[in-house]
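Chains as they are written, first to last, in the numbering used here: chain E, 1 to 182; chain B, 1 to 325.
The C-beta atom is built at its ideal place from N, Cα and C for all residues, glycine as well.
Owing to the predicted nature of the structure, the values given are computational and were not obtained by experimental measurement.
Have a look at this one:
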């Protein structure tokens with residue numbers, strides 16, 4: 001059975017290479033503001049996470065030269081950029097950046113990305129499902145949240161980011177080679 | 001034909017209504033419904049808001065309380081019934097005869113649907129639910145051919161609802177013990193088949209290996225489509241070689257059979273997937289809404305390909321058209 005031909009865009013390798021030597025420290029204030037906004041505007045995420053909010057989630061965009069560690073504790077949620085995910089995490093989720101953002105924004109279905117092998121999960125599967133379901137219910141405009149504080153640069157920055165990610169609106173899953181066994 | 005759509009979260013519920021659902025089915029955030037997964041389902045307040053949202057838009061809400069009550073904890077299920085009725089549910093979807101009896105005695109005006117978990121697969125069984133508890137609709141088990149459904153609908157005095165899209169299992173619905181055997185927890189009692197607390201993924205010999213409890217379920221080579229980590233979709237090593245014994249990982253897509261199902265007297269068609277995302281709900285519900293609208297207008301419309309959303313990236317018409325392979 002061949003896997004489906006993926007329609008999920010990936011960050012061009014040359015762009016990823018250009019990012020590799022850049023320091024991660026400047027990303028931290030952006031991530032801090034982002035998680036603070038999400039906490040303020042989407043508090044229901046933490047209720048849906050329940051006990052899983054105390055766990056640590058490694059998010060690995062496979063087409064970027066760095067990853068993220070998310071600890072969604074309701075009192076002090078945090079996300080940080082790291083060169084490589086530490087071994088001590090409860091969960092690791094890996095996939096193309098556009099796929100991961102598409103999951104948050106409601107463009108992709110998590111099970112479909114798992115079936116097509118575009119998404120890999122490792123560790124506490126219960127926590128993975130809790131996070132996925134909590135985020136899907138929250139209807140987060142992630143790209144919009146990232147560029148919100150950019151003033152006059154907001155619109156062009158959002159256009160550039162969306163163009164790079166090219167989220168296929170309402171696609172739900174990658175394009176598949178349709179097969180039927182009866 | 002009515003279009004009955006799933007929702008596991010309030011956001012998915014709104015998407016289902018906006019995409020054209022005639023009715024949305026959902027459940028409480030506990031073991032009383034057969035999709036009791038972490039981060040999923042509705043609090044009482046969320047269900048109240050969802051029912052208001054649906055009713056303002058002309059859609060109905062069916063509340064699934066379709067697991068079998070545990071001995072000594074029946075009050076949990078009774079409370080779910082009482083609350084769903086008080087919140088204004090248009091119908092309750094039930095599998096357990098004791099719970100149906102409770103509804104018939106305490107809420108005689110409440111519309112009652114027989115869940116697929118009750119496995120009512122013949123006219124005699126369905127007539128029992130209608131006569132004993134006043135059931136108004138039965139969700140048909142996914143073991144019947146279209147001609148068999150036509151015979152049943154002609155012999156019963158209640159409506160029928162048939163699945164047309166989504167995940168499939170071995171279809172011993174309400175009676176399957178495979179998950180219990182592997183983990184001690186089942187969809188019938190705890191509302192979870194292959195509970196995620198017992199699932200692990202790892203890598204071995206270049207393959208992704210899924211495990212459920214102590215059992216290795218499957219190993220997927222690089223690029224091979226994956227499936228849910230359920231025993232029924234496991235790939236087993238036997239003396240005849242390795243392969244799928246119970247069933248292959250494939251999802252139901254009966255869009256092409258909608259005219260036949262309508263002709264067979266089916267009242268409503270149902271989409272599986274309360275555990276799926278807004279993206280899935282939007283795509284599948286909109287596609288079936290369009291196909292049914294075309295059918296109503298007497299136009300032949302090609303259904304959209306939903307294969308990208310399916311388990312194993314493969315579709316089947318299941319038992320509706322039984323063939324020897």
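Within the stretch 41-120 of chain E, ranges of the beta strand (DSSP E) (whole runs, at least 3 residues): 57-61, 67-71, 78-82, 91-95
One or two residues paired with residue 25/B in a DSSP bridge: Counted from its first residue, the second chain places residue 25/B at position 25. The partner list for residue 25/B (beta bridge, DSSP) reads 6/B, 62/B.
What are the boundary residues of the alpha helix (DSSP H) that includes residue 129/B? Within the second chain, numbered from 1, the residue matching residue 129/B stands at position 129. Where residue 129/B is concerned, the enclosing alpha helix (DSSP H) stretches over 123-133.
Mind listing the chain E neighbours of residue 276/B? Cutoff is C-beta to C-beta under 7 Å, in chain order. Numbered from its first residue, the second chain carries residue 276/B at position 276. Neighbours of residue 276/B on chain E, chain order: 109, 111.
Check whether the Cβ atoms of residue 278/B and residue 118/E sit closer than 7 Å, and answer yes or no. Here residue 278/B is taken as the residue at index 278 of the second chain, counted from 1. Here residue 118/E is taken as the residue at index 118 of the first chain, counted from 1. No, they are not a contact pair.
Rounded to a whole number of angstroms, what is the C-alpha to C-alpha distance between residue 59/E and residue 29/B? Here the question's residue 59/E lines up with position 59 in the first chain. Here the question's residue 29/B lines up with position 29 in the second chain. About 27 Å.
Does the stretch 51-64 of chain B come close enough to the stretch 307-319 of chain B that 3 or more CB-CB pairs lie under 8 Å? no
Quick check on residue 186/E - is its C-beta less than 7 Å from some C-beta in chain B? Summary: the structure shown does not reach residue 186/E, with chain E confined to residues 1 through 182, and so no result is reported for it.
Rounded separation between residue 225/B and residue 85/B - CA only: Locating residue 225/B in the second chain gives position 225, counting from the first residue. Locating residue 85/B in the second chain gives position 85, counting from the first residue. Distance between the alpha carbons of residue 225/B and residue 85/B: 42 Å.
Under the rule that 16 or more other beta-carbon atoms within 10 Å means buried, what is residue 113/B, buried or exposed? Taking the first residue of the second chain as position 1, residue 113/B is located at position 113. Burial call: buried.
List, from N- to C-terminal side, the alpha helix (DSSP H) runs of 4 residues or more that fit wholly inside the stretch 154-207 of chain B. 178-183
For the stretch 256-285 of chain B, which residues have a CB atom closer than 7 Å to at least one CB atom of chain E, in sequence order? 276, 277, 278, 279, 280, 282, 283
Chain B beta carbons: is any one of them nearer than 7 Å to that of residue 115/E? The sequence position of residue 115/E within the first chain is 115, counting from 1. Yes, residue 115/E counts as interfacial toward chain B.
Stretch pair the stretch 83-90 of chain E + the stretch 72-84 of chain B: three plus CB contacts closer than 8 Å: no
Between 182/B, 55/B, 221/B, which lies nearest to residue 211/B when the distance is taken from Cα to Cα? The residue labelled residue 211/B in the question sits at position 211 within the second chain. With distances taken between Cα atoms, residue 211/B lies closest to 182/B.
Mind listing which residues of the stretch 50-76 of chain E have their C-beta closer than 8 Å to chain B's C-betas, in chain order? 50, 52
Rounded to the nearest angstrom, what separates residue 107/B and residue 298/B at their Cα positions? Along the second chain, one-based indexing puts residue 107/B at 107. Along the second chain, one-based indexing puts residue 298/B at 298. So the two alpha carbons sit approximately 40 Å from each other.
Just to make sure I have the definition right: I need the residues of chain B whose C-beta is within less than 8 Å of the C-beta of residue 134/E. Which are they? Taking the first residue of the first chain as 1, we reach residue 134/E at position 134. Ordered by position in chain B, the residues that pass the 8 Å Cβ test against residue 134/E are 39.
I'd like to know if residue 4/B contacts chain E, where contact means its C-beta is closer than 7 Å to some C-beta of that chain. Start at 1 with the first residue of the second chain, and residue 4/B comes out as number 4. No, residue 4/B lies away from the interface with chain E (no Cβ there is under 7 Å from its Cβ).
Straight-line CA distance for residue 263/B to residue 148/E? Here residue 263/B refers to the residue found at position 263 of the second chain. Here residue 148/E refers to the residue found at position 148 of the first chain. Cα-Cα distance, rounded: 54 Å.
Taking its Cβ as the centre, do 16 or more other Cβ atoms sit within 10 Å of residue 155/B, making it buried, or is it exposed? Within the second chain, residue 155/B is the residue found at index 155, counting from 1. Result: exposed.
Spatial neighbours of residue 19/B within its chain, please: C-beta separation below 8 Å, excluding the five flanking residues on both sides. Your numbering for residue 19/B matches position 19 in the second chain. Cβ neighbours of residue 19/B beyond the five flanking positions: 5, 281, 282, 285, 286, 289.
From the DSSP secondary-structure annotation, give me the bridge partner or partners of residue 288/B. Here residue 288/B refers to the residue found at position 288 of the second chain. Its beta-bridge partners do not exist; DSSP assigns none.
Host alpha helix (DSSP H) of residue 52/B (start-end): The residue given as residue 52/B occupies position 52 in the second chain. Element bounds for residue 52/B: 44-56.
With DSSP run on the structure shown, which of helix, strand or coil describes residue 210/B? Reading the second chain from its first residue, position 210 is the one you call residue 210/B. Three-state result, residue 210/B: strand.
Using CA coordinates, which residue listed in 274/B, 214/B, 34/B is at the minimum distance from residue 13/B? As a first step, residue 13/B is located in the second chain; it is residue number 13 there, counting from the start. Among 274/B, 214/B, 34/B, the Cα nearest to that of residue 13/B belongs to 274/B.
Please check the pair residue 142/B and residue 189/B, which I expect to be a contact at CB under 8 Å, by giving their CB distance rounded to whole angstroms. Stepping through the second chain from its first residue, residue 142/B is reached at position 142. Stepping through the second chain from its first residue, residue 189/B is reached at position 189. Residue 142/B to residue 189/B, Cβ: 21 Å. No contact.
Could you work out which residues of chain B lie near residue 122/E, taking near to mean beta carbons separated by less than 7 Å? By one-based count along the first chain, residue 122/E stands at place 122. Those within 7 Å of residue 122/E in chain B are 201.
Do you know whose CA, among 32/B, 236/B, 31/B, lies nearest residue 247/B's CA? For the purposes of this step, residue 247/B is taken as residue 247 along the second chain, with counting starting at 1. Nearest C-alpha to residue 247/B: 236/B.
Buried versus exposed call for residue 39/B [16 or more other C-beta atoms within 10 Å across all chains shown]: Start at 1 with the first residue of the second chain, and residue 39/B comes out as number 39. Buried, since its Cβ has 16 or more Cβ neighbours within 10 Å.
How far does the alpha helix (DSSP H) with residue 130/E in it reach, from first residue to last? Your numbering for residue 130/E matches position 130 in the first chain. 125-138 is the span of the alpha helix (DSSP H), which, as asked, contains residue 130/E.
Min CB distance residue 179/E to chain B below 7 Å: As a first step, residue 179/E must be located in the first chain, where it is residue number 179. Unreliable positioning characterises residue 179/E in this predicted model, as indicated by a pLDDT of 49, which lies under 50. A coordinate reading is not provided.
Exposed unless 16 or more other CB atoms sit within 10 angstroms - verdict on residue 101/E: Indexing the first chain from 1 puts residue 101/E at position 101. It counts as buried.
Cα-Cα separation between residue 110/B and residue 153/E, rounded to whole angstroms: Here residue 110/B refers to the residue found at position 110 of the second chain. Here residue 153/E refers to the residue found at position 153 of the first chain. Between residue 110/B and residue 153/E, the C-alpha separation is close to 56 Å.
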